[in-house]
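Undergrad: Numbering (the working numbering), first residue to last: 5 to 243.
Pasting the structure below:
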């Protein structure tokens with residue numbers, strides 16, 4: 005699935021080599037799977053312990069902010085390696101729109117049209133259609149403000165949301181500039197940023213492997229991107 009995640013990016017313009025965040029125990033497996041498909045990462049960040057997605061993304065953003073791309077304030081396409089996406093053309097078209105929004109300061113997430121009222125997924129409520137500096141997609145599937153999150157509902161509530169037609173499954177995929185993520189995570193969870201910054205600054209590099217300092221990283225709170233930031237900025241312009 006990690007290979008599929010990397011391969012479905014083929015054809016997207018101006019991509020840099022990926023930054024992969026994984027557990028220390030998976031370092032050789034990750035490197036070998038990347039080598040097999042010739043999609044070599046610029047860095048493989050090795051977490052000494054799992055701390056959920058917000059610290060993982062913060063480490064990646066700090067790595068980019070201190071690297072060769074720092075002067076460009078790179079746009080990050082954040083992809084968990086656990087999706088099955090059959091319509092790659094539609095995925096890439098959505099990424100293209102998201103990148104244009106992110107270049108202008110938006111923090112973008114992707115929703116999935118529900119196939120059924122599932123209770124095991126988080127949901128997002130669409131707000132008004134969103135147009136920025138001439139960018140407009142003439143489709144209900146185009147960019148919208150994000151009005152609210154709702155985690156794993158009851159069966160009755162899931163039925164209500166699907167029938168309402170304004171709710172999407174939360175994909176866990178994001179697009180934003182590195183600086184935008186660091187600004188927002190600092191705004192809401194400065195403790196996570198402090199722990200990750202200390203771990204990054206005191207870390208070590210071994211070839212492609214970047215090892216954050218274990219003591220500082222394991223002291224970092226465990227939190228998801230959604231809980232740490234996204235749920236706090238819903239409804240705001242650019243959200």
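Even for Gly, the Cβ is constructed at its ideal location relative to N, Cα and C.
(1) Helix, strand or coil for residue 231? Go by DSSP, reduced to three states.
(2) Drop a sphere of 10 angstroms on the beta-carbon of residue 208, count the other beta-carbons inside from all chains shown, and report buried for 16 or more, exposed for fewer.
(3) Which of the three DSSP states, helix, strand or coil, is assigned to residue 155?
(4) Excluding the 5 residues flanking residue 41 on each side, which residues of the same chain have their C-beta closer than 7 angstroms to its C-beta?
(5) Locate the beta strand (DSSP E) running through residue 79, then write down its first and last residues.
(6) Give me, in chain order, the residues of the same chain whose beta-carbon lies closer than 7 angstroms to that of residue 116; leave out the 5 immediate sequence neighbours on both sides.
(7) Tell me whether residue 59 sits in a helix, a strand or coil according to DSSP, three-state version.
(8) Nearest to residue 93 by CA position, among 24, 163 and 14, is which residue?
(9) Using CA coordinates, which residue listed in 77, 61, 105 and 46 is at the minimum distance from residue 22?
(10) Which whole-angstrom value describes the C-beta separation of residue 70 and residue 50, a residue pair presumed to lie in contact below a C-beta threshold of 8 angstroms?
(11) For the segment 87-131, list the alpha helix (DSSP H) runs that are entirely contained and at least 4 residues long, ordered along the chain.
(12) If we ignore side chains and look at the alpha-carbon of each, how far apart do residue 167 and residue 98 end up?
TA: Let's see:
(1) Along the chain shown, one-based indexing puts residue 231 at 227. Correct three-state label for residue 231: helix.
(2) On the chain shown, residue 208 is found 204 positions in, with the first residue counted as 1. Looking at its Cβ environment, which holds fewer than 16 other Cβ atoms inside 10 Å, residue 208 is exposed.
(3) On the chain shown, position 151 is the one that residue 155 refers to. Coil, per DSSP.
(4) Counted from its first residue, the chain shown places residue 41 at position 37. Within the same chain, residue 41 has close Cβ partners 7, 10 and 11.
(5) Residue mapping note: residue 79 aligns to position 75 of the chain shown, counting from 1. First-last of the beta strand (DSSP E) with residue 79: 79-82.
(6) As a first step, residue 116 is located in the chain shown; it is residue number 112 there, counting from the start. Closer than 7 angstroms at Cβ, skipping near neighbours: 172, 173 and 175.
(7) Walking along the chain shown from the start, residue 59 turns up at place 55. Helix.
(8) As a first step, residue 93 is located in the chain shown; it is residue number 89 there, counting from the start. Looking at the Cα atoms, 14 is the closest of the given residues.
(9) Numbered from 1 along the chain shown, position 18 holds the residue referred to as residue 22. Closest option to residue 22, Cα to Cα, is 46.
(10) Residue mapping note: residue 70 aligns to position 66 of the chain shown, counting from 1. Residue mapping note: residue 50 aligns to position 46 of the chain shown, counting from 1. Residue 70 to residue 50, Cβ: 17 angstroms. No contact.
(11) 92-107
(12) On the chain shown, residue 167 is found 163 positions in, with the first residue counted as 1. On the chain shown, residue 98 is found 94 positions in, with the first residue counted as 1. Between residue 167 and residue 98, the C-alpha separation is close to 24 angstroms.
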